[in-house]
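Asks: Next up is a structure, given as structure tokens.
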Amino acid sequence: MCVLCSSLCYVLIERTGNVGRLCVRFDCECRVRVCDRNAHKTGFHVPGERLSPVCLSFNIALEGFCGRPGADPNHRWFHNKIHVLIDGSMCCTATASNDPLFILHHTFIDKIFECWLKTYNPSPEEYPDKHVRPGHSRYSFIVGIIPLARNIDFFTPLTNFGVYYDNKIFGRYAEDGRPPFYCSKMDTIMKGSYYY
1 MCVLCSSLCY VLIERTGNVG RLCVRFDCEC RVRVCDRNAH KTGFHVPGER LSPVCLSFNI
61 ALEGFCGRPG ADPNHRWFHN KIHVLIDGSM CCTATASNDP LFILHHTFID KIFECWLKTY
121 NPSPEEYPDK HVRPGHSRYS FIVGIIPLAR NIDFFTPLTN FGVYYDNKIF GRYAEDGRPP
181 FYCSKMDTIM KGSYYY
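Counted from 1, the sequence shown has number 6 at position 6 by full-length UniProt numbering; the numbering is strictly sequential.
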């Protein structure tokens, strides 16, 4: 298993070979091992765009930098294409969360996380504190968030922050034509009950 503690394992953030503009290498408490950079990439993705030979690592595929086999390797795909298109503070990991468009781009992730939190109700001690990348432990401050906040501060249902969704449904249709996923554990707000 690969411990993602340094850029040796984390590999390139950009296809061009430019390793992270904001941080080049991580220092960490765990012992770094040189990893197979193709490890687990094929186990998580379907054949096609993420199986391109220019995909050097799982994180590059996950973050959307890979194209279809035979596609121009200079293009970026999916999720990151939006970040690059909007540019400005959305371009970089450390500043993206301060961009208002980031909220629109990532809102659905919050709804998925809310459903997971409500369904499994994990205790704060379950948030990892050791053997994680620097800045990702339970009590580390989140980079780019002002005022300062720790990761554990957000490991709580969104209702604690006054955030409610108007329904418990994820999308209109499932991929195979079945009804969409319904999260029965989520709290919702009734129409007309919004407070200002």
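We put the beta carbon where it would ideally sit given N, CA and C, even for glycine. These numbers come from a predicted model, not from an experiment.
Do Val143 and Ala96 come within 8 Å of each other at the CB atom, strictly closer than that value?
Replies: no
Asks: Go to residue 199, then tell me how far its alpha helix (DSSP H) extends in each direction, as first and last residue.
Replies: No statement about residue 199 is possible, as the shown extent of the chain runs from 1 to 196 and does not include it.
Asks: On the three-state DSSP scale, how would you describe Phe161?
Replies: helix
Asks: Spell out the partners DSSP gives Arg150 in its beta bridges.
Replies: DSSP lists Phe141 as partners of Arg150.
Asks: Assuming Thr95 is part of the alpha helix (DSSP H), what are its boundary residues?
Replies: In the DSSP annotation of this structure, the continuous segment of the alpha helix (DSSP H) that includes Thr95 starts and ends at 93-96.
Asks: Could you pull out every residue in the same chain whose Cβ sits closer than 8 Å to the Cβ of Val132, ignoring the five residues on either side in sequence?
Replies: none
Asks: Any idea if Asn151 is buried or exposed, counting beta-carbon neighbours within 10 angstroms, 16 or more meaning buried?
Replies: buried
Asks: What does the alpha-carbon distance come out to for the pair Lys168 and Met186?
Replies: 6 Å
Asks: Output yes or no for whether 8 Å exceeds the beta carbon distance between Lys130 and Ser137.
Replies: Yes, the pair counts as a contact, with Cβ atoms nearer than the cut-off.
Asks: Where does Glu114 land, buried or exposed, given buried means 16+ other C-beta within 10 angstroms?
Replies: buried
Asks: Please classify His83 as buried or exposed, where buried requires at least 16 neighbouring CB atoms within 10 angstroms.
Replies: buried
Asks: List the residues that DSSP assigns as beta-bridge partners of Thr188.
Replies: Tyr165
Asks: What residues in its chain sit with their C-beta under 7 Å from that of Met90, if we drop five residues either side in the sequence?
Replies: His83, Ala96, Asp99, Leu101, Phe102
Asks: Answer yes or no: the CB of Met186 versus the heavy atoms of the ligand FMN, is any distance below 7 Å?
Replies: Among the components of this structure there are no ligands whatsoever, and the ligand FMN is therefore not found.
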